[in-house]
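Working notes, beginning with the structure itself.
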Amino acid sequence: DRAVHVHGRTSAFTKTVYDPYVNLLRNTTQAFSGVVGGLNSLEVSPFDQPIRKADDFSRRIARNIQVMLQTEFELRQPVDPVGGSWYVETLAAELCEKIWAEFQTIESKGGIVAALKEGYPQAQVKSVLDERFKNLAFRRDVAVGNNMYANMTEELLDPKPENQETLRQKRVAQIEEYLASAEPDAVVKAQATLEAGTTEPGALIGLIELGALQKLTIRQIRKALDAGDIASETIESIAAHRWTEQFEALRMRTENYKQRTKDNVKVFLANMGPIPQHKPRADFSTGFFEVGAFEVIKNDGHETTADAAKAARESGADVVVICSTDDTYPELVPPLAKELKETMPHVTVILAGAPPKDLEPVYREAGVDDFISVRANCYEILNTLQDKKGM
1 DRAVHVHGRT
11 SAFTKTVYDP
21 YVNLLRNTTQ
31 AFSGVVGGLN
41 SLEVSPFDQP
51 IRKADDFSRR
61 IARNIQVMLQ
71 TEFELRQPVD
81 PVGGSWYVET
91 LAAELCEKIW
101 AEFQTIESKG
111 GIVAALKEGY
121 PQAQVKSVLD
131 ERFKNLAFRR
141 DVAVGNNMYA
151 NMTEELLDPK
161 PENQETLRQK
171 RVAQIEEYLA
181 SAEPDAVVKA
191 QATLEAGTTE
201 PGALIGLIEL
211 GALQKLTIRQ
221 IRKALDAGDI
231 ASETIESIAA
241 HRWTEQFEAL
251 RMRTENYKQR
261 TKDNVKVFLA
271 NMGPIPQHKP
281 RADFSTGFFE
291 VGAFEVIKND
301 GHETTADAAK
311 AARESGADVV
321 VICSTDDTYP
331 ELVPPLAKEL
341 KETMPHVTVI
351 LAGAPPKDLE
361 PVYREAGVDD
371 FISVRANCYE
381 ILNTLQDKKG
391 M
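Here the UniProt record's numbering is used: the first residue of the sequence shown is 1, the next is one more, and so on.
As C-alpha cells, then:
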C-alpha cells in the first residue's frame with residue numbers, strides 16, 4: 001500500500017478585503033492546524049490575495065509564517081503533535097464518519113458523475129455556504145473589520161492593477177513563439193485523433209495529453225473535442241465565494257455613494273439620560289451601523305424626549321436610534337417615536353435592544369420601524385437602509 005500525500009493551502013474563502021492584515025492571523029492559525037494535522041506539504045497564500053497580485057512583501061510574509069512555525073515553534077519536531085489529544089482525535093473521528101456517510105450517499109446515487117448531474121454536491125455546498133452567510137449576517141460569527149469592529153479610518157490597499165493591454169501583447173508574443181516550433185503535420189494528426197475520440201474509460205485524458213505535447217492550444221483541443229463524437233454534458237458549476245463578500249459589497253456600496261454624491265446614511269443616536277444609562281447601547285449601535293460605513297452622529301445624552309427630537313431634526317438624520325435601558329423605554333419610546341414620525345416623516349426610527357413581546361406592538365404603533373440587538377440581521381437591516389437612501 002502507498003501512503004496518500006496530502007497537500008494543503010490556506011483558505012481563500014476566509015480572506016477579507018477590509019482589515020486585510022487580519023488575514024495574517026487567519027493564515028497563521030490555518031497553517032498551524034495543517035501542520036499539527038499531518039499535512040505533507042503546505043502553501044501559505046499571501047494575505048492580499050483577494051485584493052491584488054501578490055508583491056514581494058506579501059509573498060515574503062507568507063513564506064515567513066512557515067519558517068516561524070518550523071524554526072521558532074519547532075512544530076516539525078514532534079512525530080505526531082496531536083497524538084493522544086482527546087479533543088483533536090474526537091473531531092477527527094467525527095469528520096471521518098461524516099465523510100464516509102457522504103461517500104455512501106454519493107455511491108447510492110450512482111457515483112460522483114451521476115451525483116453531479118443530479119446537482120447533489122452543488123446543493124450540499126450551497127447549503128453550507130448559505131448557513132455561513134447567515135451566521136455572518138446575524139453576527140453569530142465574527143469577521144474582524146467586516147461585520148464587527150469596522151475601521152472607519154481605514155484606507156484600502158492599493159490594488160496595483162496591471163496594464164491589461166501590455167499583458168495581452170506579452171502573452172500573444174509568448175504563445176506565438178511557442179507555436180512557431182510546432183510541427184504542422186503532428187498538430188493536424190493530434191486534432192484528428194481527438195475528433196475521433198475514444199470509448200475507453202479514462203482514455204480521453206491521455207488523448208488530451210498527447211494533443212498538448214504536440215503543442216495544441218486549449219482552444220484547439222476544445223474545438224477538436226466539440227467537433228468529434230465525444231458526448232459533451234453540462235453540469236451546474238460550483239461558484240467560488242468568499243466569507244465576507246456580502247459585507248464588503250455593502251460597505252463598498254456606501255463608499256461609492258459617498259464619493260459620487262458627497263452624502264451618506266446619517267444615523268443619529270438619540271441617547272437618553274446620563275452617559276452610564278445610554279452608553280452600552282450607544283456603543284453597540286455605533287459598531288452596528290459603522291459596519292456599513294454609515295455616518296453615526298453621537299452625543300452625550302438628552303434629558304427630555306423633546307430635546308432628543310429637536311437634536312435629531314437639526315442633524316438631518318435619515319435614521320434615529322433610541323438608546324437607553326429597558327427600564328426606561330416604556331416611558332421614553334412612545335412619545336419620542338411619535339414626535340419623530342410627526343416632525344420627520346421620512347426618518348427610520350430604530351430602538352436599540354430587543355423589546356419584550358408585549359411591548360413590541362406598542363413601540364411599533366408609536367412609530368418604531370425596527371429593533372437592533374445581538375439577535376438582529378445586521379446585513380439585512382443595513383442593506384434595507386441603503387435601498388431607502390437610494391444607493
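C-beta: ideal position from N, C-alpha, C; glycine also.
Could you check how far apart the C-beta atoms of TYR18 and GLU255 are, in whole angstroms? I think they sit under 8 Å.
Not quite, the Cβ-Cβ distance comes to about 10 Å (not below 8 Å), so this is no contact.
Here's the rule I'm using: 16 or more other beta-carbon atoms within 10 Å means buried, otherwise exposed. How should TRP100 be labelled?
With fewer than 16 other Cβ atoms within 10 Å, it is exposed.
In the DSSP assignment, find the unbroken alpha helix (DSSP H) run with GLU295 in it and report its ends.
Segment 295-297 is the beta strand (DSSP E) holding GLU295; no alpha helix (DSSP H) there.
Exposed or buried, which one is GLY34 when buried takes at least 16 other CB atoms within 10 Å?
Buried.
Sorted by chain position, which residues of the same chain lie with C-beta nearer than 8 Å to residue 403's C-beta, five sequence neighbours on each side aside?
Only positions 1 to 391 of the chain appear in this structure, which leaves residue 403 out of reach.
With a Cβ-Cβ cutoff of 9 Å, do GLY316 and LYS266 count as a contact?
Yes, these two residues count as a Cβ contact at 9 Å.
From which residue to which residue does the beta strand (DSSP E) around ARG9 run?
Its beta strand (DSSP E) spans residues 7-9.
Taking Cβ to Cβ, would you say LEU351 is nearer than 9 Å to VAL374?
No, they are not a contact pair.
What are the start and end residues of the alpha helix (DSSP H) that includes ALA312?
Looking at the DSSP string, the run of the alpha helix (DSSP H) that includes ALA312 is 305-315.
What three-state label does DSSP hand LYS266 in the structure shown?
Strand.
In whole angstroms, give me the CA-to-CA distance for GLY367 and PRO280.
Their backbone Cα atoms lie some 23 Å apart in a straight line.
Could you give the uninterrupted runs of the alpha helix (DSSP H) lying entirely in the segment 65-112, keeping only those of 4 residues or more?
You should have 86-108.
Rounding to the nearest angstrom, what Cα-Cα distance links THR224 and LEU213 in this structure?
Thr is not the amino acid found at residue 224; the sequence shown has Ala there. Rounded to whole angstroms, ALA224 to LEU213 spans 15 Å at the Cα level.
Less than 8 Å between the CB atoms is what I'm expecting for GLY287 and TYR149, so what's the real figure, rounded?
Confirmed, about 7 Å.
Figure out for me which residue from GLU209, LEU167, ARG242, GLU155 has the closest Cα to the Cα of VAL128.
Nearest option by C-alpha distance: ARG242.
Are the beta-carbon atoms of GLN221 and ILE205 separated by less than 9 Å?
Per the sequence presented here, residue 221 reads as Ile, with Gln not at that position. No, these two residues do not count as a Cβ contact at 9 Å.
When the Cβ atoms of the segment 12-30 are set against those of the segment 70-78, are three or more pairs found closer than 8 Å?
No, they do not touch.
Could you tell me the alpha carbon to alpha carbon distance between GLU331 and LYS298, rounded to whole angstroms?
Distance between the alpha carbons of GLU331 and LYS298 is about 22 Å.
Taking a contact to mean a Cβ-Cβ separation below 9 Å, would you say ARG59 touches LEU157 in this structure?
In this structure, LEU157 does not lie closer than 9 Å to ARG59 by Cβ.
Hey, out of ARG364, VAL296, LYS388, whose CA is closest to MET152's CA?
For MET152, the nearest C-alpha among the options comes from VAL296.
Tell me which same chain residues have a C-beta within less than 6 Å of the C-beta of THR244, skipping the five on either side of it?
Around THR244: THR16, ALA143, ASN146.
How far does the beta strand (DSSP E) with ASP370 in it extend, from its first residue to its last?
Its beta strand (DSSP E) spans residues 370-372.
What residue does the beta strand (DSSP E) around SER41 start on, and which one ends it?
Note, SER41: beta strand (DSSP E), 41-43.
Could you give the distance in angstroms between the alpha-carbon of LEU167 and the alpha-carbon of LYS160?
Going by the C-alpha atoms only, they are around 14 Å apart.
How big is the Cα-Cα spacing for ARG140 and ALA186?
Near 60 Å, if we compare the C-alpha coordinates of ALA186 and ARG140.
How about TYR178 and LYS126: do their beta carbons lie closer than 9 Å?
No, Cβ-Cβ distance for TYR178 and LYS126 is not below 9 Å.
Taking just the CA atoms, how far does ASP369 sit from HIS346?
The alpha-carbon atoms of HIS346 and ASP369 are separated by roughly 11 Å.
Taking C-beta to C-beta, are GLU43 and THR10 nearer than 9 Å?
Result yes, Cβ atoms of GLU43 and THR10 sit closer than 9 Å.
Would you kindly work out how many angstroms separate the C-alpha atoms of HIS302 and GLY353, rounded to a whole number?
Going from the Cα of HIS302 to the Cα of GLY353 covers about 18 Å.
What residues are listed by DSSP as bridge partners for ASN271?
DSSP lists CYS323 as partners of ASN271.
Quick check: the Cα distance between ARG313 and ASN377, rounded to an integer number of angstroms?
Near 27 Å, if we compare the C-alpha coordinates of ASN377 and ARG313.
Which class does ALA12 belong to by DSSP, given the choice of helix, strand or coil?
Coil at ALA12, not helix or strand.
Just reading off the beta strand (DSSP E) that THR348 is part of, what are its end residues?
348-352 is the span of the beta strand (DSSP E), which, as asked, contains THR348.
Going by beta carbon distance, what residues of the same chain come within less than 8 Å of ASP300, once the five residues before and after it are set aside?
If we look at ASP300 and ignore the five residues flanking it on each side, its Cβ neighbours are ASN271, ILE275.
Can you give me the Cβ contacts of PRO46 inside the same chain, cut-off strictly under 7 Å, excluding the 5 residues immediately before and after it?
ALA54, SER58, ARG59, ALA62, listed in sequence order.
Pick from ARG251, ALA240, SER285, GLU162: whose alpha carbon is nearest that of ILE372?
Of ARG251, ALA240, SER285, GLU162, the residue nearest in Cα terms is SER285.
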